[in-house]
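> Take a look at this one; I'll ask things after.
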Amino acid sequence: MIKLIFPKLIGIPWKPHRSHWEILLVDSCKLSSSSGSDTKLGSLIIFRFDHALCDGFSIRGIFKALCQSQFTTAQASRTQNMSFLQMASFVLTFPIVMFQLLPINKIQRILPKRKTIFVYDISETSISMIKTIKRNNGVSFAAVLHSAVNASISRCLQHNGRNPSDTIDALAVLPDPKHPGGMCNHMKIFTEDFPLLGIGSSKERLYKTDTVLKNASRDVGTIASLYYPKILGQLPSALVYRIICFMYGTRPSYFISNFPATTSTDYFDGGEVVDIVGCATVPGDIGMSVVGCGINNKLRLSFLMDQDMFAKCPNAKCLSMGFAEELKNLLELNNGSQ
């Protein structure tokens, strides 16, 4: 049901003079286990909101208060704070740094822009598998996710008779460990070219992806991007929508963000929260978004894409299956199979 509802909901625009928060409650809903062999009666809560208002940590704060539960997540580790000298330099060069953050001064996107309707699929990902790959190869958790996603995109392009380029442009998010709480967008964003085609092997793509993410976390422009959503947050949401549509009119190819899965068992109104699935998109012409989140050490990766993104892959299942396949490949790297 979620796979049918989410693509339709996410395409509905926010109308003027209408609340940018919506809650849909489906009571007495049959919930399937991960194996699909067992179903239980429960409730489905769909919470839809305008991302211009707040980020994932803000939403977690809302549900912590609403459910009176912890929703504990691992500490963010990919970000660095600005030193005094970096801050002084940033203040003096603020207009230049802000312009460099915009994707409009980059090459055009690799993937086609959004044209028709969205299609959607979900991949249930083993966190222990990702941590094993991370540990065996000395890379970050995010590098494993990004590399596997790009490997799946590369396979879909090849399946459709296209020769993948060496890199692909993506809009990525770096979490910030010092979230102030409340309703805000406190995150670092950047547009970068990530390795797409594993010319030598999956291992080469993985290591290059890790290097891109490490360089981004140290880049002054990326660190300064923390202030960009704060500036936009002072503007009316309708104006923010137009600005973002203009910014991402030519680039990037897709958006990717991973909110860490909770490490706790959480409850709402006496019942256990058994699953959390996230879905997001960026206003404008970006035709694909990949969002990760989850609960109780279960990670769900959501793939949302334009129906015509890959002609021979009319649904997003090709992406989720390719992602799972690449994780298996990466897990076998130390066995000499790749």
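Taking UniProt numbering, the leading residue of the sequence shown gets 1, the next gets one more, and so forth. Here a beta-carbon is modelled for each residue, glycine too, at the ideal position from N, C-alpha and C. All values reported here derive from a predicted model rather than from experimental measurement.
The beta strand (DSSP E) that contains residue 150, what's its start and end?
Per DSSP, residue 150 belongs to no beta strand (DSSP E); it is in the alpha helix (DSSP H), 141 to 159.
> Between the alpha carbons of residue 58 and residue 194, how many angstroms are there, rounded?
28 angstroms
> Would you mind sorting residue 192 into buried or exposed? The rule is 16 or more other CB atoms within 10 Å of its CB.
buried
> Along the chain, which unbroken stretches of the beta strand (DSSP E) at least 3 residues long are found entirely within the UniProt domain "O-acyltransferase WSD1 C-terminal" (194 to 329)?
Runs of the beta strand (DSSP E) inside the UniProt domain "O-acyltransferase WSD1 C-terminal" (194 to 329): 254 to 258, 288 to 295 and 298 to 306.
> What does a CB cutoff of less than 7 angstroms around residue 20 pick up in its chain, not counting 5 residues either side in sequence?
Taken in chain order, the residues that qualify are 14, 49, 50, 53 and 237.
> Go ahead and pull the three-state DSSP assignment for residue 74.
coil
> Between residue 259 and residue 286, which are expected to be in contact by the criterion C-beta below 8 angstroms, what is the C-beta distance as a whole number of angstroms?
Not quite, the Cβ-Cβ distance comes to about 19 angstroms (not below 8 angstroms), so this is no contact.
> Assuming residue 351 and residue 284 form a contact by the criterion Cβ under 8 angstroms, report the distance between their Cβ atoms to the nearest whole angstrom.
As shown, the chain starts at 1 and ends at 338. That puts residue 351 outside it, with no answer to give.
> Note down the Cα distance separating residue 312 from residue 66, rounded to an integer number of angstroms.
44 angstroms
> Since I believe residue 205 is in contact with residue 109 (beta carbons under 8 angstroms), could you give me their beta-carbon distance rounded to a whole number of angstroms?
The Cβ separation is near 19 angstroms, so there is no contact.
> Is residue 68 helix, strand or coil when you go by DSSP?
coil
> Please report how far the alpha carbon of residue 320 lies from the alpha carbon of residue 24, in whole angstroms.
Each residue's Cα considered, the two are about 26 angstroms apart.
> Output the boundary residues of the alpha helix (DSSP H) element that contains residue 9.
For residue 9, the enclosing alpha helix (DSSP H) begins and ends at 2 to 10.
> Can you name the start and end residues of the beta strand (DSSP E) that residue 48 belongs to?
39 to 49
> I need the boundaries of the beta strand (DSSP E) containing residue 125, first residue and last residue.
118 to 126
> Is residue 25 helix, strand or coil by DSSP?
strand
> Are the CB atoms of residue 299 and residue 124 within a distance shorter than 9 angstroms?
If you check the CB distance, residue 124 and residue 299 come in under 9 angstroms.
> Measuring CA to CA, which of 28, 257 and 219 is closest to residue 39?
28
> With respect to the beta strand (DSSP E) encompassing residue 176, which residues constitute its N-terminal and C-terminal limits?
Careful: residue 176 lies outside any beta strand (DSSP E) and carries neither H nor E.
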